[in-house]
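Same order as they appear, the protein sequences are chains A and B.
Here the first sequence is numbered in full-length UniProt numbering, starting from 1 and rising by one per residue.
Here the second sequence is numbered in full-length UniProt numbering, starting from 1 and rising by one per residue.
Even for Gly, the Cβ is constructed at its ideal location relative to N, Cα and C.
Step one of this worksheet: look at the structure below.
There are 2 protein chains.
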Amino acid sequence: MSEQKSSVMLVDDHPLLRKGLKQLLALEDELEVIAEASNGQDAIKLAAELDPDLIILDLNMQGMDGLETLKRMRDEGVTSRIVMLTVSDADEDIVKAISNGADGYLLKDTDPEVLLDQIKKALEGKMVLSEAITQVLATALRRPQAKTPAELNSLTNREYEILHLIAKGMSNKVIARELNISDGTVKVHVKHLLKKLGLRSRVEAAVWMVNQQGGKL
Amino acid sequence: MSEQKSSVMLVDDHPLLRKGLKQLLALEDELEVIAEASNGQDAIKLAAELDPDLIILDLNMQGMDGLETLKRMRDEGVTSRIVMLTVSDADEDIVKAISNGADGYLLKDTDPEVLLDQIKKALEGKMVLSEAITQVLATALRRPQAKTPAELNSLTNREYEILHLIAKGMSNKVIARELNISDGTVKVHVKHLLKKLGLRSRVEAAVWMVNQQGGKL
DNA sequence: TTGCAACTACCACTTTAGTGATACCTCGTC
DNA sequence: GACGAGGTATCACTAAAGTGGTAGTTGCAA
Chain A
1 MSEQKSSVML VDDHPLLRKG LKQLLALEDE LEVIAEASNG QDAIKLAAEL DPDLIILDLN
61 MQGMDGLETL KRMRDEGVTS RIVMLTVSDA DEDIVKAISN GADGYLLKDT DPEVLLDQIK
121 KALEGKMVLS EAITQVLATA LRRPQAKTPA ELNSLTNREY EILHLIAKGM SNKVIARELN
181 ISDGTVKVHV KHLLKKLGLR SRVEAAVWMV NQQGGKL
Chain B
1 MSEQKSSVML VDDHPLLRKG LKQLLALEDE LEVIAEASNG QDAIKLAAEL DPDLIILDLN
61 MQGMDGLETL KRMRDEGVTS RIVMLTVSDA DEDIVKAISN GADGYLLKDT DPEVLLDQIK
121 KALEGKMVLS EAITQVLATA LRRPQAKTPA ELNSLTNREY EILHLIAKGM SNKVIARELN
181 ISDGTVKVHV KHLLKKLGLR SRVEAAVWMV NQQGGKL
């Protein structure tokens with residue numbers, strides 16, 4: 001089953017990384033890069049047309065990200081083996097990728113030789129995961145799931161909206177003006193949202209929220 | 001001035017990207033990659049030893065990040081031209097990099113040919129910036145400045161300490177107990193720190209601080 | 001139709017926060 | 001020794017924040 005070349009398609013919005021990867025794959029005679037794409041749209045089209053044996057897909061792309069691209073490819077009926085390549089070891093990404101039909105999840109900072117080895121394994125039909133990933137995945141699956149701050153879902157739209165404004169440092173009065181309601185009403189919402197989240201002050205709420213968002217918005 | 005090879009050092013924790021970059025640079029006869037490093041510590045050592053003409057430095061590295069590496073290199077007296085290579089177009093990163101002695105700031109998703117061209121320009125002594133960056137930088141410099149933890153340096157130890165506790169959501173009373181001082185004294189420090197940072201409430205302070213830290217502590 | 005959830009508003013009241021001023025102590029610098 | 005910066009503390013006062021309760025209005029679901 002190794003008498004014929006395997007076709008590979010690269011999807012990554014960093015030309016540089018594609019170059020490096022291509023060079024790496026060139027080391028193996030039985031691998032042939034038949035297509036490259038720098039974004040999700042192109043990738044989906046090409047995948048449907050060419051039906052490569054393997055697609056190496058970057059998770060963090062601008063525009064349509066890798067996860068979305070993966071989903072749509074599977075929706076379109078692409079049956080190629082798809083391996084995610086990424087810098088992210090965020091457990092949710094991994095779980096989502098796998099559950100959306102990825103056949104592997106490799107980290108970009110993996111040693112090139114190891115990477116090449118794993119890519120070959122993926123072509124043989126094995127599920128490949130970077131070492132660091134295996135543990136993450138294991139622990140992630142151990143706890144039933146969560147990640148979607150269940151607490152946030154218990155908030156009403158208004159409460160959620162106000163929580164965001166608090167997380168920008170706004171006072172009740174400012175929030176009231178922003179939303180065209182009285183500051184007394186804002187207090188009511190704040191009271192409710194604090195109770196639901198189990199927090200003791202708007203400061204705690206702000207800190208909590210900013211951390212949820214990963215800051216910088 | 002082009003009769004001799006220019007020495008280049010690559011610093012990036014992704015072997016793959018180093019490979020791609022190296023291959024790209026190999027296209028130019030007058031460029032020679034004399035060293036590679038995958039982390040800040042090694043990079044600083046090598047830079048001091050080898051004194052390359054150009055250092056291409058990844059901004060987002062695990063452990064010591066690119067910015068810190070840059071600072072320390074300059075502290076150590078490294079005079080090489082240093083170009084930051086990164087995926088981040090966050091304005092603060094750019095401003096910080098430049099103000100800490102970087103000679104250029106390039107984005108990884110730049111077209112390889114353009115990238116090579118800019119690297120050569122950097123070697124000629126020019127400040128190189130990716131196009132997308134130029135605008136960001138312009139607008140960032142338009143607003144007088146702020147955001148550079150220059151303000152943080154103006155804080156006394158006690159004020160800084162208290163700012164941290166505020167960023168955990170603590171009230172004055174709790175902070176007072178934590179530090180074994182009166183809550184009145186805490187108020188004094190809070191007042192001072194708010195004035196120095198130009199903020200209007202502890203909530204703003206908390207949000208600001210959490211963002212500074214990149215959250216998640 | 002009834003009922004409930006969400007949003008709004010007001011009121012009264014307590015607790016925190018924040019301001020301005022003054023003052024004492026310590027340490028290091030000039 | 002004088003001086004300033006940093007840390008502490010107290011007092012008096014204003015301004016926000018937070019709590020409890022009541023209540024009117026939607027709109028949707030049972």
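Name, please, each residue of chain B whose Cβ falls closer than 8 Å to the Cβ of residue i.
{"i": "residue 166 of chain A", "result": "203"}
{"i": "residue 35 of chain A", "result": "What residue 35 of chain A touches in chain B: nothing, since even the nearest Cβ is about 18 Å away."}
{"i": "residue 157 of chain A", "result": "Near residue 157 of chain A there are no residues of chain B at all, since even the closest Cβ is about 22 Å away, more than 8 Å."}
Within the continuous beta strand (DSSP E) that includes residue i, where are the two ends?
{"i": "residue 68 of chain A", "result": "Note, residue 68 of chain A: premise wrong, no beta strand (DSSP E); alpha helix (DSSP H) at 66 to 75."}
{"i": "residue 104 of chain B", "result": "104 to 107"}
{"i": "residue 85 of chain B", "result": "81 to 86"}
{"i": "residue 58 of chain B", "result": "54 to 58"}
With residue i as the anchor, note down where its alpha helix (DSSP H) starts and where it stops.
{"i": "residue 220 of chain A", "result": "What the structure shows of chain A is the stretch from 1 to 217, and residue 220 of chain A is not part of that stretch, so it cannot be assessed."}
{"i": "residue 46 of chain A", "result": "40 to 50"}
Cβ closer than 7 Å: which chain B residues qualify as neighbours of residue i?
{"i": "residue 122 of chain A", "result": "What residue 122 of chain A touches in chain B: nothing, since even the nearest Cβ is about 16 Å away."}
{"i": "residue 19 of chain A", "result": "20, 23, 24 and 112"}
Rounded to whole angstroms, what's the CA-CA distance from residue i to residue j? Just pull it up for me.
{"i": "residue 210 of chain B", "j": "residue 110 of chain B", "result": "32 Å"}
{"i": "residue 18 of chain A", "j": "residue 85 of chain B", "result": "16 Å"}
{"i": "residue 185 of chain B", "j": "residue 171 of chain B", "result": "13 Å"}
{"i": "residue 81 of chain B", "j": "residue 118 of chain B", "result": "13 Å"}
{"i": "residue 20 of chain B", "j": "residue 15 of chain A", "result": "9 Å"}
{"i": "residue 188 of chain A", "j": "residue 207 of chain B", "result": "22 Å"}
{"i": "residue 4 of chain B", "j": "residue 114 of chain A", "result": "37 Å"}
{"i": "residue 8 of chain A", "j": "residue 44 of chain A", "result": "14 Å"}
{"i": "residue 35 of chain B", "j": "residue 83 of chain B", "result": "15 Å"}
{"i": "residue 6 of chain A", "j": "residue 120 of chain A", "result": "10 Å"}
{"i": "residue 30 of chain B", "j": "residue 11 of chain B", "result": "20 Å"}
{"i": "residue 165 of chain A", "j": "residue 182 of chain A", "result": "15 Å"}
{"i": "residue 40 of chain A", "j": "residue 179 of chain B", "result": "53 Å"}
{"i": "residue 142 of chain B", "j": "residue 130 of chain B", "result": "In this prediction, residue 142 of chain B has a pLDDT of 35, which is less than 50 and means its spatial position is unreliable; what the coordinates show is noted afterwards. Distance between the alpha carbons of residue 142 of chain B and residue 130 of chain B is about 19 Å."}
{"i": "residue 168 of chain B", "j": "residue 68 of chain A", "result": "35 Å"}
{"i": "residue 116 of chain B", "j": "residue 38 of chain A", "result": "19 Å"}
{"i": "residue 128 of chain B", "j": "residue 122 of chain B", "result": "6 Å"}
{"i": "residue 162 of chain A", "j": "residue 32 of chain B", "result": "56 Å"}
{"i": "residue 177 of chain A", "j": "residue 212 of chain A", "result": "26 Å"}
{"i": "residue 93 of chain A", "j": "residue 101 of chain A", "result": "12 Å"}
{"i": "residue 64 of chain A", "j": "residue 201 of chain B", "result": "39 Å"}
{"i": "residue 160 of chain A", "j": "residue 173 of chain A", "result": "17 Å"}
{"i": "residue 302 of chain A", "j": "residue 196 of chain A", "result": "Nothing in the structure corresponds to residue 302 of chain A, since chain A is present only between 1 and 217."}
{"i": "residue 175 of chain B", "j": "residue 55 of chain B", "result": "45 Å"}
{"i": "residue 72 of chain B", "j": "residue 125 of chain B", "result": "21 Å"}
{"i": "residue 198 of chain B", "j": "residue 42 of chain A", "result": "48 Å"}
{"i": "residue 70 of chain B", "j": "residue 66 of chain A", "result": "31 Å"}
{"i": "residue 13 of chain A", "j": "residue 87 of chain A", "result": "13 Å"}
{"i": "residue 215 of chain B", "j": "residue 112 of chain B", "result": "Caution applies to residue 215 of chain B, whose pLDDT of 46 falls short of 50 and renders its modelled position unreliable; the value that the coordinates give is listed next. Distance between the alpha carbons of residue 215 of chain B and residue 112 of chain B is about 34 Å."}
{"i": "residue 97 of chain B", "j": "residue 97 of chain A", "result": "34 Å"}
Please confirm whether any heavy atom of the ligand FAD lies closer than 7 Å to the CB of residue i.
{"i": "residue 78 of chain A", "result": "Here there are no bound small molecules, and the ligand FAD is not part of this structure."}
Give the residues of chain A in contact with residue i, contact being defined as C-beta atoms less than 7 Å apart.
{"i": "residue 108 of chain B", "result": "14 and 16"}
{"i": "residue 207 of chain B", "result": "167, 168, 169, 206 and 210"}
Using a Cβ cut-off of 8 Å, pull out every chain A residue sitting near residue i, in sequence order please.
{"i": "residue 41 of chain B", "result": "Per Cβ cutoff of 8 Å: no residues; residue 41 of chain B is ~16 Å from chain A at best."}
Show which residues of chain A have a CB atom less than 9 Å away from the CB atom of residue i.
{"i": "residue 97 of chain B", "result": "Residues of chain A passing the Cβ test: none, with the nearest at roughly 17 Å."}
Runs of beta strand (DSSP E) wholly within the UniProt domain "HTH luxR-type" (148 to 213) of chain A (minimum 3 residues, chain order)
Listed in chain order, nothing qualifies, since the UniProt domain "HTH luxR-type" (148 to 213) of chain A has no complete beta strand (DSSP E) run of 3 or more residues.
Does the segment 153 to 168 of chain B come close enough to the segment 176 to 195 of chain B that 3 or more CB-CB pairs lie under 8 Å?
By the C-beta criterion, the segment 176 to 195 of chain B is judged to be in contact with the segment 153 to 168 of chain B, since at least 3 inter-stretch pairs fall below 8 Å.
Pair every Cβ in the segment 15 to 25 of chain A with every Cβ in the segment 47 to 54 of chain A, then say whether three or more of these pairs are closer than 8 Å.
Output reads no: the segment 47 to 54 of chain A does not touch the segment 15 to 25 of chain A.
When you compare the segment 73 to 82 of chain B with the segment 41 to 48 of chain B, are there three or more beta-carbon pairs, one atom per stretch, that lie closer than 8 Å?
Under the 8 Å Cβ criterion, the segment 73 to 82 of chain B counts as touching the segment 41 to 48 of chain B, having at least three qualifying pairs.
Length at least 3, wholly inside the segment 10 to 37 of chain A: the beta strand (DSSP E) runs in chain order:
For the segment 10 to 37 of chain A, whole beta strand (DSSP E) runs of length 3 or above, ordered along the chain, are 31 to 37.
Taking three-plus beta-carbon pairs below 8 Å as touching, is the segment 103 to 123 of chain B in contact with the segment 54 to 71 of chain B?
They touch, by the three-pair rule.
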